[in-house]
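One structure is given here, and the rest of the page talks about it.
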Amino acid sequence: MADLSSSIREEAKKLLKKGEADVIIGFEKGSLPLCATPCFIRNEADVEKLIWNEFCGNNLSRYLIKAKGKVGIIAKGCDTRAIVELIKEKQVQREQIVIIGVPCEGMVDRKQIMMRCQGNKITNVEDRDERLLITGDLLNVAVKKDECLYPGCQVCTNRNPVMYDVLIGSTSEEQQTDEFTDVTNFDGKSSEERWEYITHEISKCIRCYACRNACPLCYCKECFVDTTQPQWVGKTTGQTDTLLFHIMRSIHLAGRCVECGACERACPVTVDIRKLNRKMSADVKKLFDYKTGLDIDQPAPLSTFKPDDSEEFMLDI
Amino acid sequence: MENKDTNWEPKIIAFLCNWCSYAGADLAGVSRLQYPANIRVIRVPCSGRISPFFILSSLQNGADGVLVSGCHPGDCHYLTGNYSARRKFALLKSQLENIGIEEGRVQFSWVSASEGGKFAEVIKKVTETVKALGPAKRLVKRCL
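Line order of the protein sequences matches chains A and B. Anchor point for the first sequence: position 116 equals 116 in the numbering used here, and the numbering is continuous, going up by one each time. Anchor point for the second sequence: position 58 equals 1058 in the numbering used here, and the numbering is continuous, going up by one each time.
Written as structure tokens, this is what we have:
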């Protein structure tokens, strides 16, 4: 990781020097252990701030939409998938951005580590290749990185950047997992069980909209939950209003969600938002043979159609 | 809304496209075909006009079932409205079932202007299915 950081710094310096980018969006050390904070580097002297480690989970493409001028962005697999979609939806111009691709090996979930440490205060984290050495006042444990990855990272099959101008380091090995086992498992449950699970999750939601704000593809200037004329969704945190918000968000993201997990990371009350988005991704793959964020020339599934699309769901009369 | 009385009849909202299904319903009417009187028809210009919000709002505000019906693929007055709608509905239906809304609450069909008989059949089938499911409880908005 240390050598990746230094290569990123070098590359960022080069871009700023040559004037190929006015700003570099990357990560700096967070104020707490287990954290990395997004940062914006505008001059060469600040380049040293840039870091790269297993806590750089945030999807930085979120910042591209409002960025002005030429932007350099440090992007892992999911960030580049989001960039592909943003370019496709004409929110970002390809010429305006320089993508510094970084192959990813999965990002470590801070919350899982904190759970393992049972609430003890963590003061320092050391990177020991496959393990993290976590120390605190009453703490000294080694945790395997693989065991604490974000749920999205565990099933990710595109860890390498799909589009980049510069690639840092060598490509990581892609996971060969059956990516939708979780969806199939959930489908196997009865309607009652599913309803119970979803309503339990939804009951936690406080409608802070952090999921929407962190999502790189939720860029609408006016979101449907914010409009009052017409008021599409009730404003309460009651079960049906909240559920409606989540259903509609998943529908709006169907075929656009790149499964970066930004929504889930941002959620302060750990609602299982991926349950809804994953289902849509699985359906889009199954029905329209489309995987989000991989091909810049393939139109988004809901912006197009085929005359022979599946009609299995329709009334059979 | 509670299923206390045995004579409970479901309320079903039917979104019918102006050019085919609404005309189909009209034909069923002028042909004096019998079908259950449980549907409340809302005429829309095209099945592509229907936002998932319409369907969800119906369920939230006390409909026991929702039917969406439009022109057969290839017959859309606006050429491609129903093709786009078909993709949208496939995902919506799957998502509703995923979160645990009973299968059959929300249904989709194609009925052309000449299919009065089919329209009556569709309404019979939808009413039967929703009746078997009982009153909708899961997405209904209630006063606390």
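The beta-carbon is built from N, C-alpha and C at its ideal position, and this holds for glycine as well. Given the structure is predicted, the values throughout are model-derived calculations rather than measurements.
For Glu28(A), the three-state secondary structure derived from DSSP is strand.
From the listed residues Lys1141(B), His1077(B), Ala1120(B), the smallest Cα separation to Gly1029(B) is found for Ala1120(B). Chain-order list of chain B residues neighbouring Leu287(A): Arg1087, Ala1090, Leu1091, Ser1094, by C-beta distance under 9 Å.
Contact note: Phe1108(B) reaches chain A through Phe313, Met314, Leu315, using a C-beta cutoff of 8 Å and chain order.
Of all residues in the stretch 1004-1019 of chain B, none comes within less than 7 Å of chain A when Cβ atoms are compared.
Bridge partners of Pro38(A) according to DSSP: Phe27(A).
DSSP places Lys14(A) within a helical segment (H, G or I) once states are collapsed to three. Secondary structure note for Phe1108(B): its beta strand (DSSP E) is the uninterrupted segment 1106-1110.
In the displayed model, Ile83(A) falls within a helix according to three-state DSSP.
Distance from the CA atom of Glu54(A) to the CA atom of Arg62(A), rounded to whole angstroms, is 19 Å. Within a 10 Å sphere around the beta-carbon of Arg278(A) sit 16 or more other beta-carbons, which makes this residue buried. Close to Lys279(A), with beta-carbon spacing below 8 Å, are these residues of chain B in chain order: Ser1094, Gln1095, Asn1098. Around the beta carbon of Thr242(A), a 10 Å sphere encloses 16 or more other beta carbons of the protein chains shown; the residue is thus reported as buried. Note that the C-beta distance between Gly293(A) and Val162(A) is below 8 Å. Taking Asn158(A) as reference, the option from Phe245(A), Lys76(A), Leu276(A) with the minimal CA-CA separation is Lys76(A). For Cys1143(B), the closest C-alpha among the options Met248(A), Gly234(A), Ile113(A), Asn43(A) is that of Gly234(A).
One thing to note: Pro103(A) has its Cβ within 8 Å of the Cβ of Asn160(A).
Residues are counted here when their Cβ sits less than 9 Å from a Cβ of chain A; for the stretch 1063-1081 of chain B these are Leu1067, Ser1069, Pro1073, Gly1074, Thr1080, given in chain order. Separation of Ile24(A) and Phe305(A) (C-alpha to C-alpha, rounded to the nearest whole angstrom) is 38 Å.
Here the C-alpha atom of Cys257(A) lies approximately 48 Å from the C-alpha atom of Ser1031(B). Under a criterion of Cβ atoms nearer than 9 Å, the residues of chain B adjacent to Pro307(A) are, in order, Pro1073, Gly1074, Tyr1083.
Spanning the alpha carbons of Lys275(A) and Asp295(A) requires a straight line of approximately 25 Å. Residue contact check for Phe1053(B) against chain A: a CB pair falls below 8 Å. In this structure Val71(A) is buried. Its beta-carbon is surrounded by 16 or more other beta-carbon atoms within 10 angstroms. Annotation: Lys88(A) to Pro301(A) spans about 12 Å, alpha carbon to alpha carbon. The DSSP-derived three-state label of Thr135(A) is strand. For Arg1105(B), same chain residues with a beta-carbon under 6 Å away, outside a window of 5 residues either side, are Gly1065 in chain order.
Around the beta carbon of Gly19(A), fewer than 16 other beta carbons sit within 10 angstroms, so the residue counts as exposed. Secondary structure within the stretch 129-194 of chain A: the alpha helix (DSSP H) runs of 4 or more consecutive residues, fully enclosed, are 151-154, 181-187 (chain order). The stretch 1029-1048 of chain B and the stretch 1004-1019 of chain B touch, with three or more beta-carbon pairs separated by less than 8 Å. The continuous stretches of beta strand (DSSP E) do not include Ala45(A), and DSSP gives it neither H nor E. The alpha-carbon of Lys1124(B) is positioned some 23 Å away from that of Arg1138(B). For Arg1043(B), the closest Cβ of chain A is not nearer than 8 Å. With the rule of 3 Cβ pairs closer than 8 Å, the stretch 190-200 of chain A does not count as touching the stretch 112-132 of chain A.
What Glu192(A) touches in chain B, judged by beta-carbon distance under 9 Å, is Gly1100, going in chain order. Excluding its 5 nearest sequence neighbours in each direction, Val143(A) has C-beta neighbours in its own chain below 7 Å: Ile113, Arg116, Arg131, Leu132, Ile134, listed in chain order.
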